[in-house]
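Sequential numbering from 4 applies to the sequence shown in the working numbering.
No residue lacks a Cβ here, since even glycine has one placed at the ideal position from N, Cα and C.
To keep things clear, I will list the structure first and then write my remarks on it.
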Amino acid sequence: MSKQVELAVELSSSFAHRVKDDIHVVLQLADERAVANASLQLQAGKKVVRVPATPAATGGRGDRGGPVLEVYVPAADLRPGVWRLGLVGSDDGVTALRARLLNSRRQPIALLPGPVPRTLMAPPQRRPAAAAAPDGRARAYATASRLANRGLALLPEQRATRYRAVLKKAGRRLLG
């Protein structure tokens, strides 16, 4: 998508939801733009999907004066994740929209109007390696406990808790 000014999307009249095998998206743009013969571009990473946009059946205008566009996107074309939206004009120029589409197979579809949040979290700090016993007993204990927990997860919880307690006692004796 181009790095030019993003076109705002009105929150009150814009929405997205699933309709059978399609995702129905209705966008009310905040200002007048040439939307005749426009397409909506959805982009997630390198994957780009373009679908034709039509003026909505409500007359094409919302309460704030901007045009209302209606789009049906085949749900099979969109993998789960966040999709950036853009309006493609007749000259194939893409105008970014201040909205994103959140697609999930387990949750409802969500239209997220507004700019992309600019907050970045600090990268996680690396934890120093645990001080291992000179003969590697601590590493062996950690590996054995992980393997034991995987096996004990198959048992009923009460029985697994009892066996874990016994194994912890034996591990403490091993480590000294």
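Rounded C-alpha distance that separates residue i from residue j
i    : j    : result
R127 : S93  : Contrary to the premise, residue 127 reads as Pro rather than Arg in this sequence. Distance between the alpha carbons of P127 and S93 is about 45 Å.
G62  : R121 : Because G62 sits at a pLDDT of 48, beneath the cut-off of 50, its placement in the model cannot be relied upon, and the following sentence gives the value as read from the coordinates. One C-alpha to the other measures close to 36 Å.
A151 : L178 : 17 Å
N40  : R101 : 20 Å
H20  : S42  : 19 Å
L182 : Y75  : Residue 182 is absent from the structure shown; the chain starts at 4 and stops at 179.
V12  : P118 : 10 Å
E73  : P159 : 52 Å
R82  : A125 : 28 Å
Sheet register partners of residue i (DSSP bridge)
i    : result
Q110 : Looking at the DSSP assignment, Q110 forms no beta bridge with any residue, so it has no partner.
G89  : Q44 and A99
L10  : L100
G84  : N106
8 Å contact criterion, which residue i and residue j should meet: CB distance rounded
i    : j    : result
L157 : R167 : In fact, because the Cβ distance is near 13 Å, the residues do not count as touching under 8 Å.
Query raised in the report: Can you list, in chain order, the stretches of the beta strand (DSSP E) that have 3 or more residues and sit fully within the stretch 14 to 48?
Result: 18 to 22, 25 to 31 and 42 to 47
Requested in this report: Return the chain-ordered ranges of every alpha helix (DSSP H) run that is complete within the stretch 97 to 178 and spans a minimum of 4 residues.
Outcome: Every alpha helix (DSSP H) of 4 residues or more that sits fully in the stretch 97 to 178 is shown, in chain order, as 140 to 155 and 160 to 178.
Query raised in the report: Can you find at least 3 beta carbon pairs, one from the stretch 72 to 87 and one from the stretch 41 to 48, that sit closer than 8 Å?
Result: yes
**Report entry** Stretch pair the stretch 108 to 118 + the stretch 9 to 29: three plus CB contacts closer than 8 Å
**Finding:** yes
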